[in-house]
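The structure appears below as structure tokens.
Protein chains: 2
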Amino acid sequence: MSVVIAGSIALDDITTVKGSVTGIPGGSALYCAVAASLYSEVFLVSIAGDDFPADVIDFLGKRRVNTDNLTIVPDGKTFHWGTCYEPDMHNRTPVRRDLNVSVDFNPRLTAEAAQARCVFLANLEPENQIRVLDQAENPRFVALDTMKCYIKSDPGGLKSVIQRVDILFINDAEARQLADCNDTLTAAHILSEMGPDYVIVKKGEHGSFACADGVFFTIPAYPLDDVTDPTGAGDSYAGAAMGFLAGHHTVTPDTVKSAMVHGTVVASFCVEDFGIESMRNITPADIRIRKDHLRSITSF
Amino acid sequence: MSVVIAGSIALDDITTVKGSVTGIPGGSALYCAVAASLYSEVFLVSIAGDDFPADVIDFLGKRRVNTDNLTIVPDGKTFHWGTCYEPDMHNRTPVRRDLNVSVDFNPRLTAEAAQARCVFLANLEPENQIRVLDQAENPRFVALDTMKCYIKSDPGGLKSVIQRVDILFINDAEARQLADCNDTLTAAHILSEMGPDYVIVKKGEHGSFACADGVFFTIPAYPLDDVTDPTGAGDSYAGAAMGFLAGHHTVTPDTVKSAMVHGTVVASFCVEDFGIESMRNITPADIRIRKDHLRSITSF
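The listed protein sequences derive, respectively, from chains A and B. The C-terminal residue of the first sequence carries number 306 in the numbering used here, and the numbering is unbroken. The C-terminal residue of the second sequence carries number 306 in the numbering used here, and the numbering is unbroken.
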């Protein structure tokens, strides 16, 4: 099964204690697509300006990522985002958010993309998440991720999409915000009652957990001594998990658990360098080694 | 093997979103001793006033906790501590800290306690931790826990005790504070180089991890929908872990891993009620059920 991934494409300015980069390729859809393409074919649905590097689009093509649904606006400028992380690599201060061509995004799926059986609505305005979902002709499973700004700007739209998805990926702080609840686990249960079969809560360096009717699974993050840039960790986690599920054709408690393990491992590679750099050359053997290590340091 | 547990005994005023209690028995040594006594014989080393409830001391006696090293000061008032937790059950505001008889604490171990092979220096002034350790005649393994106020008030004293212990238990924020480092994992490695064979970092609702030379193990917290009072979670975790190790006569990567699992489970009972209430009646079967459940929700 192939997976449609709709989200943002951006150029990012990022500062962490490890350094500073300017205008590097990023955005939820890019991180997700690169991660998902390790496991399945991907249709990338997004918008960028013609300042977006052509070599990244070439790289995506070589990685089974179909970019027919990536609109490149001639003479347009790509969404430009910037942030500065505090030394804890968690709290951050926004430094730039130029929406540019992304304000005109009106996703149109090609006939081929509309037939994909798996749809992932990555971080994007709920309005555009709905547009993508409405064009999917026969999805077997649909997942969604979201973030603070959309919970604040369009909670109604967001909840109406959440009702229609099988899997909700969400950060812990955002889960508590959306559920209006102080406890993360209770928040996940509340969100689960909004419709999704599985709620997967991402807790950054503290790992993730999934809850569903009668199902619970929890996994720590892969331990890393050397994080360079946490940007995209959540997107690559969700992208890898969705790619894994699409590659395995089915969503069961066991495949969701395995998908979370793969999400954890791929996200651990993502944060070892700025942007998508360290995800470019991951091999199945790299993934297997970290997966086995993760099992050995968690099993008892 | 029996375990000496030295720490504070207190009367606590606690407010959480679940309610308020006043003057309930608490303190690091009490939580630790109750938890450890599930696994081994305990010598409790502490000080209290004669306002400390006699029925709690009777209860300890019935639980293999020897209280010959618990000084009860006639007409003295027990250390009185109070805190108010925010709805997140994590951040808290101190409301009371009357040291009372605890300022005169000068621990003296009975001949029998001095022979114990296992020593746990729970939260206590480093000066008194050293006094206890100096009286232990033939300890096979020694562990230490500490907290923010002692890291601030006596970092030198604290580091000199840490050099002499086999296991350091410490909270994540305190590990970063003591190691002067923003990253928790790196902080644990720095602390490990100060002398302990094992550094066990407690992360509250996010679980715990242990690192040692060539060894790493990580375990999530036991998931609970209903936390009443987080007070003593870290103490009961460490107490159960130390009791488990004393009961198993050896400190190896495998026994440390099992000790952490038992610490996790016992701490999960601790937080389900105020004070030590919910730890009073835990049975081996209760522990086994949660341990098996923890394994089932973490294994892959």
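C-beta: ideal position from N, C-alpha, C; glycine also.
CA-to-CA distance, residue j to residue i, given in whole angstroms
| i | j | result |
| --- | --- | --- |
| residue 35 of chain A | residue 12 of chain A | 6 Å |
| residue 202 of chain B | residue 269 of chain B | 19 Å |
| residue 172 of chain A | residue 153 of chain A | 18 Å |
| residue 231 of chain A | residue 63 of chain B | 45 Å |
| residue 131 of chain B | residue 221 of chain B | 30 Å |
| residue 121 of chain A | residue 252 of chain A | 13 Å |
| residue 114 of chain A | residue 138 of chain A | 7 Å |
| residue 274 of chain A | residue 40 of chain A | 14 Å |
| residue 163 of chain B | residue 70 of chain A | 59 Å |
| residue 297 of chain A | residue 191 of chain B | 19 Å |
| residue 125 of chain A | residue 27 of chain B | 51 Å |
| residue 42 of chain B | residue 59 of chain B | 20 Å |
| residue 48 of chain A | residue 128 of chain A | 13 Å |
| residue 300 of chain A | residue 46 of chain A | 23 Å |
| residue 293 of chain A | residue 37 of chain A | 17 Å |
| residue 218 of chain B | residue 199 of chain B | 9 Å |
| residue 95 of chain B | residue 175 of chain B | 21 Å |
Cβ of residue i within 9 Å of any chain B Cβ
| i | result |
| --- | --- |
| residue 250 of chain A | no |
| residue 224 of chain A | yes |
| residue 305 of chain A | yes |
| residue 188 of chain A | yes |
| residue 165 of chain A | no |
| residue 213 of chain A | yes |
| residue 205 of chain A | no |
| residue 44 of chain A | no |
| residue 233 of chain A | yes |
| residue 184 of chain A | no |
Secondary structure of residue i, DSSP reduced to three states
| i | result |
| --- | --- |
| residue 128 of chain B | coil |
| residue 19 of chain A | strand |
| residue 223 of chain A | strand |
| residue 30 of chain B | strand |
| residue 35 of chain A | helix |
| residue 119 of chain B | helix |
| residue 103 of chain B | strand |
| residue 309 of chain B | No information on residue 309 of chain B is available, as it lies outside the stretch 7 to 306 that chain B covers here. |
| residue 142 of chain A | coil |
| residue 177 of chain B | strand |
| residue 280 of chain B | coil |
| residue 111 of chain A | coil |
| residue 257 of chain B | coil |
| residue 136 of chain A | helix |
| residue 201 of chain A | coil |
| residue 233 of chain B | coil |
| residue 238 of chain A | coil |
| residue 184 of chain B | helix |
| residue 298 of chain B | helix |
| residue 304 of chain B | helix |
CB contact below 9 Å: residue i versus chain A
| i | result |
| --- | --- |
| residue 301 of chain B | yes |
| residue 230 of chain B | yes |
| residue 7 of chain B | no |
| residue 195 of chain B | yes |
| residue 199 of chain B | no |
| residue 275 of chain B | no |
| residue 180 of chain B | no |
| residue 242 of chain B | no |
| residue 24 of chain B | no |
| residue 208 of chain B | no |
Residue burial classification, residue i (beta-carbon count within 10 angstroms, cutoff 16)
| i | result |
| --- | --- |
| residue 213 of chain B | buried |
| residue 67 of chain A | exposed |
| residue 23 of chain B | exposed |
| residue 56 of chain A | exposed |
| residue 255 of chain B | exposed |
| residue 180 of chain B | buried |
| residue 155 of chain B | exposed |
| residue 185 of chain B | buried |
| residue 80 of chain A | exposed |
| residue 291 of chain B | exposed |
| residue 237 of chain B | buried |
Bridge partners - residue i, DSSP secondary structure assignment
| i | result |
| --- | --- |
| residue 214 of chain B | B:208, B:225 |
| residue 91 of chain B | B:98 |
| residue 54 of chain A | A:78 |
| residue 72 of chain A | A:49 |
| residue 151 of chain B | B:175 |
| residue 11 of chain A | A:50, A:126 |
| residue 25 of chain B | B:22 |
Distance cut-off 8 Å: residue i Cβ against heavy atoms of the ligand ZN
| i | result |
| --- | --- |
| residue 26 of chain A | Absence of the ligand ZN from the depicted structure is noted, as is the absence of any ligand whatsoever, leaving it without description. |
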